[in-house]
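The sequence shown finishes on residue 908 if you use this note's numbering, and the numbering steps up by one all the way, no holes.
Glycine residues also receive a C-beta, built at the ideal position from the N, C-alpha and C atoms.
A short worksheet on the structure shown next.
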Amino acid sequence: MKSKSIILGALLAALGAADSFAFVPGGTLDPTTIPQFVAPLVIPPVMPAKGVKFDKSIGKFVPYYEIEVVQFDQQILPVKDINGKLLGPTTVWSYGAVGRPETRNYPAWTIENLKDLPTRVKWVNNLKDPVTGNFLPHLLTIDQTLHWANPAKDCIDHDMGMTTMNMMKPDCRGQSQAPYTGPVPIVTHVHGAHVQPDSDGYPAAWYLPAANNIPDSYATEGTLYDDIFGGSGRGKGFAVYQFRNDQRSSTLWYHDHSLGMTRANVYAGPAGFFMIRDLKDLLLGLPGPAPLPGIDPNNNPQARKLIREIPIVIQDKAFNVDETGKTKLFYPDNRAFFEGLKFPAHPEQFPDAGDLVIPFIPVFSALGNGRSDVSPIWNPEFFGNTMVVNGKTWPFLNVEQSRYRLRFLNGSDSRFIILKNDNGLPFWQIGADGGFLPAPAKLDTLLMGPAERADVIVDFTNVPVGTEITLLNIGPDEPFGGGVPGADFPVADPATTGKVMKFIVGNKTIPDLSKPAAKLRLPALPRLGSADNVRKLSLNEDMSMTVCVEENAGNIVEAACAPDMSNAFGPTSARLGVLDADGNPVPKSFMEGITENPALGDTEIWEIYNFTADAHPIHIHQVQFEVVDHQNLVTDADGITVPPARLVAGTVSGPEAGETGTKDTFIVYPGTVARVKAKFDLPGLFVWHCHILSHEDNEMMRPMCVGPLANCK
Numbered sequence: 196m197k198s199k200s201i202i203l204g205a206l207l208a209a210l211g212a213a214d215s216f217a218f219v220p221g222g223t224l225d226p227t228t229i230p231q232f233v234a235p236l237v238i239p240p241v242m243p244a245k246g247v248k249f250d251k252s253i254g255k256f257v258p259y260y261e262i263e264v265v266q267f268d269q270q271i272l273p274v275k276d277i278n279g280k281l282l283g284p285t286t287v288w289s290y291g292a293v294g295r296p297e298t299r300n301y302p303a304w305t306i307e308n309l310k311d312l313p314t315r316v317k318w319v320n321n322l323k324d325p326v327t328g329n330f331l332p333h334l335l336t337i338d339q340t341l342h343w344a345n346p347a348k349d350c351i352d353h354d355m356g357m358t359t360m361n362m363m364k365p366d367c368r369g370q371s372q373a374p375y376t377g378p379v380p381i382v383t384h385v386h387g388a389h390v391q392p393d394s395d396g397y398p399a400a401w402y403l404p405a406a407n408n409i410p411d412s413y414a415t416e417g418t419l420y421d422d423i424f425g426g427s428g429r430g431k432g433f434a435v436y437q438f439r440n441d442q443r444s445s446t447l448w449y450h451d452h453s454l455g456m457t458r459a460n461v462y463a464g465p466a467g468f469f470m471i472r473d474l475k476d477l478l479l480g481l482p483g484p485a486p487l488p489g490i491d492p493n494n495n496p497q498a499r500k501l502i503r504e505i506p507i508v509i510q511d512k513a514f515n516v517d518e519t520g521k522t523k524l525f526y527p528d529n530r531a532f533f534e535g536l537k538f539p540a541h542p543e544q545f546p547d548a549g550d551l552v553i554p555f556i557p558v559f560s561a562l563g564n565g566r567s568d569v570s571p572i573w574n575p576e577f578f579g580n581t582m583v584v585n586g587k588t589w590p591f592l593n594v595e596q597s598r599y600r601l602r603f604l605n606g607s608d609s610r611f612i613i614l615k616n617d618n619g620l621p622f623w624q625i626g627a628d629g630g631f632l633p634a635p636a637k638l639d640t641l642l643m644g645p646a647e648r649a650d651v652i653v654d655f656t657n658v659p660v661g662t663e664i665t666l667l668n669i670g671p672d673e674p675f676g677g678g679v680p681g682a683d684f685p686v687a688d689p690a691t692t693g694k695v696m697k698f699i700v701g702n703k704t705i706p707d708l709s710k711p712a713a714k715l716r717l718p719a720l721p722r723l724g725s726a727d728n729v730r731k732l733s734l735n736e737d738m739s740m741t742v743c744v745e746e747n748a749g750n751i752v753e754a755a756c757a758p759d760m761s762n763a764f765g766p767t768s769a770r771l772g773v774l775d776a777d778g779n780p781v782p783k784s785f786m787e788g789i790t791e792n793p794a795l796g797d798t799e800i801w802e803i804y805n806f807t808a809d810a811h812p813i814h815i816h817q818v819q820f821e822v823v824d825h826q827n828l829v830t831d832a833d834g835i836t837v838p839p840a841r842l843v844a845g846t847v848s849g850p851e852a853g854e855t856g857t858k859d860t861f862i863v864y865p866g867t868v869a870r871v872k873a874k875f876d877l878p879g880l881f882v883w884h885c886h887i888l889s890h891e892d893n894e895m896m897r898p899m900c901v902g903p904l905a906n907c908k
């Protein structure tokens, strides 16, 4: 969604680069005042199991966890800024073992799993005050006009221009412009898991905490909570999932997936790694060990010194700070922020810019254009000004002259990152989302869209002792469309978001028993057979159908709509869809009838045509797929696909190095079609969506039914 770069770019040119950090992308804490590389990287410990449960269906005892989402304070920032001003802890959410406060951390501790041994988890929503038992409101501002969980059931049939009171069901588009202040829905999804629908974390299967003061009129569960969690796996404030773990050893992760508010819930903190391990991998000669159960390497220097496998989640955030040093997460609370404008409730926002003066849902146009279809709070994307790695801003890691296995996750809302070591030290990528690649790939840079993972080896063996290596990010500070850093787009700010963390090389004190990355022989990759069906799908962006605008004395104000709607305000949402017989995109909203309906056991090729200006990381639940190829489409002068979609002959390119294994999330570039192949072998209701969380939360997600539609409610 490129409109931000046009408006905001002009604003920043007027403000000047030196002033831009005070206002863009947000928060009162200037990121240039945050000391860098002063805190050690936190190595996520292993989540402790509660015990075991006997599974009659397989005749085995399986590990059993009780894990809660809770609120707590954590020192994410250094304790003082560069001027000596206090920076206190920040209130966040994350997961922890029930009754074990020492396990609460952002990011969450790692859940370790063995291949083919199921894991059972009781996920508890404990976002309530531990003293009063009352619910805790959200840390961030929730837009009630999206199609979202909506426990209050305050619904509006926006598309019909009618308000429907007392619909008696949640999971609908709301009508209040006010931020939501009620109890918080939670439902956990293990991203990349091959899992049945009752444990997939369907967005409408959320549940509220078992708090004392939930209003009687509120729904305490989503519309599909009972359908998904029939039987003993459900109860007040919790749900029990069981994960099959019948897939290759891989780097998965778990996070909240609540309808229409995933972006805010994940930004607040709840996410962690979910590793599946095959004991055969011990014979491969990989760097290790990983953190061990029962030992917190952050409080045990000897244990930390031994570790050679480290999970690393990279996110961008922004912060507010007051005069006392109290810090809070910053996240936009109004649409004008995305446009680089201010509005009456926020005169301090972009003070040298104009106002955004337009009607928002559910207000009708003063010019007779109909009811507004613009949400007042939602932003099409969000880019933070501060890099946070494993819950610390710009940390450092002491390493020895040895090989290290780093398992990266891009946990950002919208930011694509391109990693590069400032001394040119290469990455040896050995795995991606779904497990090992066919062979190690030597890379100078590592591109990761939101939710993608990269399993890499960095070899410090021959790096001189005392060398300090900065891990850079040369991706953009704006929506990503592909291309070459510095040529096709400006790289991230070198002073802030262009840096991620630092490695400091020390003497080798422990023998390195791992093999050089180039000599690794990785497990054979099982390949899918021929496809039973080819499905043509589309990525789309929506502009307003009722709100048109013009510039007036520096303000953006409502105007009469041009006959061709060329002055429509937007974007108002992004949507997935299909192609019609002529190759034209047909966008679909989340609540429209299911169109993706693979037969149980079928292998399908999905051709995904991008009609937008952005690259989108597309995630398909249930499956790990093969990337087949990418191909250019006929575009306009701005590089946007011209409908009907037409292929450009001779432009087919195979998978990138990091796509040669199996994936659950992959990048579809503007002006292209990308093809993936997957086998759908678990029946029931799932979803597929863009993993730019701001897109996912506002219609860029669709239901998917495997098997008979009658089985998918």
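Span separating the alpha-carbon of residue i from that of residue j
i	j	result
PHE218	ASN515	Annotation note: pLDDT 38 at PHE218 (below 50); position unreliable, no value reported.
ALA769	ASN750	25 Å
GLU416	VAL435	14 Å
PHE591	THR855	31 Å
GLU576	ALA646	15 Å
GLU791	PHE525	37 Å
THR836	VAL829	6 Å
Exposure label - residue i; buried when at least 16 CB within 10 Å
i	result
THR860	buried
ILE789	exposed
PRO512	In the sequence on display, residue 512 carries Lys and not Pro. Answer is buried; the Cβ neighbour count reaches 16.
ILE306	buried
MET470	buried
MET696	buried
ILE556	buried
GLU504	buried
ASP650	buried
VAL461	buried
GLY586	buried
ALA548	buried
Other residues of its chain near residue i: CB distance less than 6 Å, five sequence neighbours each side excluded
i	result
ASP338	SER570, ILE572 and TRP573
GLY396	VAL382, THR383, HIS384 and HIS452
GLY221	ALA513 and PHE525
Helix, strand or coil at residue i [DSSP, three-state]
i	result
GLU534	helix
GLY890	Position check: residue 890 holds His in this sequence, whereas Gly was assumed. Here HIS890 sits in helix by DSSP.
ARG870	strand
PRO685	coil
THR457	helix
THR446	strand
GLU297	helix
ASN906	helix
PRO496	helix
SER394	helix
LEU479	coil
ASP511	strand
ALA466	strand
Pick from the options that is closest to residue i, judged by C-alpha positions
i	options	result
PRO404	LEU341, TRP318 and CYS350	TRP318
GLY520	ALA852, GLU894, GLU851 and THR223	THR223
LEU666	LEU592, LEU614 and PRO230	LEU614
CYS367	VAL326, GLY455, TYR290 and LEU331	GLY455
LYS703	PHE764, PRO782 and SER597	SER597
ARG648	HIS886, ASN495, VAL871 and LEU708	HIS886
PRO484	ASN320, ARG499 and ARG870	ARG499
LEU335	LYS523, VAL729, TRP801 and ASP892	LYS523
THR741	ARG566, THR846 and GLU802	ARG566
THR286	LEU331, ILE277, ASP311 and ASN320	LEU331
ALA482	SER412, GLN497, PRO380 and ILE705	The residue you asked about is not Ala; residue 482 is Pro in the sequence shown. Residue ILE705 is the option with its Cα nearest to PRO482.
LYS637	GLU851, PHE232, CYS743 and GLY834	GLU851
Residues near residue i in its chain [Cβ-Cβ closer than 7 Å; skip 5 each side]
i	result
GLU736	MET196, PRO766, ALA769 and THR807
ARG439	PRO313, HIS389 and VAL390
ALA244	PRO258, TYR259 and TYR260
GLY480	SER709, LYS710 and LEU715
Contact set for residue i: own chain, Cβ-Cβ below 8 Å, skip 5 residues either direction
i	result
VAL658	GLN596, ASN618, LEU620, ILE664 and VAL700
ILE803	LEU732, SER733, LEU734, ILE813, VAL863, VAL868, ALA869, ARG870 and VAL871
GLU891	THR457, ARG458, HIS884 and CYS885
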